[in-house]
Amino acid sequence: MWEVFLDALLDTLKIFPFIFVIYVLIELLEQRASFIKDHNRLQGELAPLIGAATGIIPQCGFSVMAAKLYDKGLIRTGTLLAVFLATSDEALILLLSEGSKAGMVVPVIAVKLVVAVAVGYGANLILPQEKLSIMPLKENDVHGFSCGREHDGKTQLKVYLVDPLIHSLKITLYIFIVNVVLGFIIEAVGGEDAISSLIIGGPYLQPLITAAIGLIPNCASSVVITQTYIGNLMTFGSCVAGLCANAGLGFVVLLKNGKKIKRNILLVVAIYIISVVTGIVINAIASLAGFYS
22 MWEVFLDALL DTLKIFPFIF VIYVLIELLE QRASFIKDHN RLQGELAPLI
72 GAATGIIPQC GFSVMAAKLY DKGLIRTGTL LAVFLATSDE ALILLLSEGS
122 KAGMVVPVIA VKLVVAVAVG YGANLILPQE KLSIMPLKEN DVHGFSCGRE
172 HDGKTQLKVY LVDPLIHSLK ITLYIFIVNV VLGFIIEAVG GEDAISSLII
222 GGPYLQPLIT AAIGLIPNCA SSVVITQTYI GNLMTFGSCV AGLCANAGLG
272 FVVLLKNGKK IKRNILLVVA IYIISVVTGI VINAIASLAG FYS
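The sequence shown begins at 22 in the working numbering and counts up by one.
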């Protein structure tokens with residue numbers, strides 16, 4: 022039993038420096054990316070494409086900002102869906118930190134971008150009469166908000182070092198817990214050689230489960246999905262399904278508007294269905310190609 026804990030601890034500690042460095046870089050990028058400057062671009066013909074590209078940046082702050090813009094009527098439904106479907110929270114960081122799966126970052130990004138852009142433009146075509154508000158956006162509405170971390174009034178040391186360190190430690194703890202659980206699962210089924218027979222739920226049921234996990238508005242959900250995939254307990258399509266549904270705190274902001282709760286619930290359901298279908302299609306193609314045999 023102690024070997025499982027020790028292996029999980031060592032595996033987790035190995036990737037901590039990479040996670041910390043990536044979070045520092047994200048903070049630097051975030052300070053230079055402003056929806057205040059760009060939200061007008063999110064009202065044009067390229068809005069779903071720009072929204073999807075922005076959502077790919079590995080943190081949930083942009084989904085929060087998109088939800089606020091949508092709630093104020095400043096972006097269209099297709100743009101919101103594009104941002105939400107492209108968002109992956111912590112997933113890309115974990116894949117990059119884990120050498121054996123780092124090569125899967127490009128396929129994950131490619132699939133999520135294609136799905137996000139296609140759904141974004143499709144939604145805008147279905148809702149051509151959707152009107153946008155001309156109400157000016159206040160800077161404190163969306164500025165400096167990243168997954169619940171307010172930046173205003175903080176020193177550069179806290180923003181660029183302390184905050185990334187705290188967030189890295191939090192994510193590392195999640196990773197350790199997931200690694201311990203996966204370690205016990207692997208031990209229970211007879212080792213890593215037997216793990217291929219335990220693709221939990223199968224390639225067609227898995228996306229239903231992972232997409233539901235992805236809807237949980239907490240970075241822990243993306244950690245669970247990604248680490249389970251890294252541990253070879255999940256198919257690629259199922260991982261993508263979970264990550265497409267993983268818009269983080271954007272869901273919380275969206276559902277805060279009680280006046281439009283039916284509309285917002287329909288959007289969440291739409292994201293879930295799109296994510297599940299995407300995962301099932303990918304798994305079906307992979308099965309036909311013999312990857313899951």
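Heads up, the beta-carbon is just placed ideally off N, CA and C, and yes, glycines get one too.
Quiz item: If you draw a straight line from the C-alpha of VAL199 to the C-alpha of VAL244, how long is it?
Solution: Cα-Cα distance, rounded: 8 Å.
Quiz prompt | First through last residue of the alpha helix (DSSP H) which encompasses TYR142 | solution = Note, TYR142: alpha helix (DSSP H), 126-147.
Quiz prompt | Backbone secondary structure at GLU24 - three-state DSSP | solution = In the structure shown, GLU24 falls within a helical segment according to DSSP collapsed to helix, strand and coil.
Practice problem: Could you check the C-alpha separation between ARG284 and SER154 for me, to the nearest Å? | Solution: A direct Cα-to-Cα measurement between ARG284 and SER154 gives close to 17 Å.
Practice problem: Taking only runs that begin and end inside the segment 62-113, name each unbroken alpha helix (DSSP H) of 4 or more residues, in chain order. | Solution: As far as the segment 62-113 is concerned, its whole alpha helix (DSSP H) runs of at least 4 residues are 68-77, 82-92, 98-107.
Self-check item: Proximity to ILE77 [Cα-Cα], best of MET22, LEU186, ILE47, LEU90
Solution: Closest by alpha carbon: ILE47.
Practice problem: Compare the beta carbon distance of ILE130 and ILE43 with 8 Å and say whether it is the shorter of the two. | Solution: With a cutoff of 8 Å on beta-carbon distance, ILE130 and ILE43 are scored as not near each other.
Quiz item: Roughly how many angstroms lie between the CA atoms of THR33 and GLU119, to the nearest whole one?
Solution: Cα to Cα, THR33 sits roughly 10 Å from GLU119.
Practice problem: Please state if the CB of ASP110 and the CB of ALA267 are separated by a distance shorter than 8 Å. | Solution: The question names Ala, but residue 267 in the sequence shown is Asn. Between ASN267 and ASP110, the C-beta gap is smaller than 8 Å, which places the two residues in contact.
Exercise. Give every residue of the same chain whose Cβ lies closer than 6 Å to the Cβ of SER217, excluding the five residues on either side of it in the sequence, and list them in chain order.
Key: Confidence at SER217 is low in this model, with a pLDDT of 48, below 50, so its placement is unreliable and the value that follows should be read with caution. Result list for SER217: empty, nothing under 6 Å.
Exercise. Locate the alpha helix (DSSP H) running through TYR318, then write down its first and last residues.
Key: Nothing can be reported for residue 318, as the shown portion of the chain is limited to 22 through 314.
Self-check item: Residues near ASP28 by beta carbon distance below 7 Å, same chain, minus five either side
Solution: Around ASP28: GLY204.
Quiz item: Less than 8 Å separating the beta-carbons of PRO185 and VAL45?
Solution: Taking 8 Å as the Cβ cut-off, PRO185 and VAL45 qualify as a contacting pair.
Quiz item: Does the Cβ of LYS133 have 16 or more other Cβ atoms within 10 Å, making it buried, or fewer, making it exposed?
Solution: With 16 or more Cβ atoms within 10 Å of its Cβ, LYS133 is classed as buried.
Quiz prompt | Cutoff 8 Å: TYR225 Cβ touching any chain B Cβ | solution = No chain B appears in the structure shown, which is made up of a single protein chain.
Quiz prompt | Straight-line Cα distance separating LYS280 from ILE192 | solution = Between ILE192 and LYS280, the C-alpha separation is close to 34 Å.
Quiz item: Should THR299 and CYS260 be called a contact, given that it needs their Cβ atoms to be closer than 8 Å?
Solution: CYS260 is positioned such that its CB atom lies no closer than 8 Å to that of THR299.
Quiz item: Skipping 5 residues on each side, what residues in its chain have a beta carbon closer than 6 Å to that of ALA73?
Solution: Contacts found: ALA103, ALA107, LEU134, ALA137, VAL138.
Self-check item: Own chain residues within Cβ distance below 6 Å of SER296, not counting five before or after
Solution: The beta carbon of SER296 sits closer than 6 Å to those of ALA232, ALA262, CYS265, ALA266, all from its chain and outside the five residues before and after it, given in chain order.
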